[in-house]
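Chains as they are written, first to last, in this note's numbering: chain A, 15 to 124; chain B, 690 to 804.
All C-beta atoms, glycine included, are put in the ideal place defined by N, C-alpha and C.
Being a predicted model, the structure only gives us computed values, none of them experimental.
Report on one structure; see the data block that follows.
Okay, here's the thing in structure tokens:
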């Protein structure tokens, strides 16, 4: 069945460093790839998304890259700040279904 | 705009019972998706409702069923509850125009505990 693998499961960085989270998907029909941030006890919130006709997208300190041939996409956070600490989920799918990875717990230490 | 709302916030049931969870989508949205999020895991897709019909379903048994009303709100029903059904149930709404995909907005979730 459809599957999304996400790595690493935990990531610890120093404030100001960069963080990279990688995801691999199995469904070649997927054309939409969102990233959500979930803080403890709160709902997931979209931080950036990319569609299959685009290879890279950037929004301030956050960027996402997509390699459709290899079926993998990555989230890049630069100049990390303590408030970036949360669980991040990647998603893969289309207009009628989204499959999420298991999540990456990011800890940014001052 | 209150965004996506869900009720109840918390629920405790015993094995074998039935439960109904409710979701009101963000204003202007026409599609509701339901997810199960076990502790420490990512949201698992249960199904999606559009135009009052189940449009897509994930790998969940028939004990999980749903409904969408003309005002786009939705219910998730789970019959014959098992201990393993304990989880946070999230609904997410979106506006789907044809096959164009737009952002899913999540609700705060309903925490279901099965004893």
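Contact check between the segment 69–77 of chain A and the segment 91–110 of chain A: three or more CB pairs, one atom from each, fall below 8 Å, which counts as touching. Residue burial annotation: residue 725/B is buried, with at least 16 other C-beta atoms found within 10 angstroms of its C-beta.
DSSP places residue 776/B in the uninterrupted beta strand (DSSP E) bounded by 776–783.
Residue 701/B and residue 802/B have their C-alpha atoms roughly 5 Å apart. Within chain B, no residue has its CB atom less than 9 Å from the CB of residue 120/A, the nearest being about 14 Å off. Beta-bridge partners assigned by DSSP to residue 799/B: 778/B.
Assignment of beta-bridge partners to residue 107/A by DSSP yields 46/A, 112/A. Annotation for residue 766/B: the continuous beta strand (DSSP E) segment containing it runs 763–767. Residue pairing by DSSP places residue 62/A opposite 49/A in a beta bridge.
Per the DSSP secondary-structure output, residue 702/B pairs in a beta bridge with 803/B. The Cβ of residue 785/B sits closer than 8 Å to at least one Cβ of chain A. One finds 48, 60, 63 in chain A with Cβ atoms closer than 9 Å to the Cβ of residue 792/B, taken in chain order.
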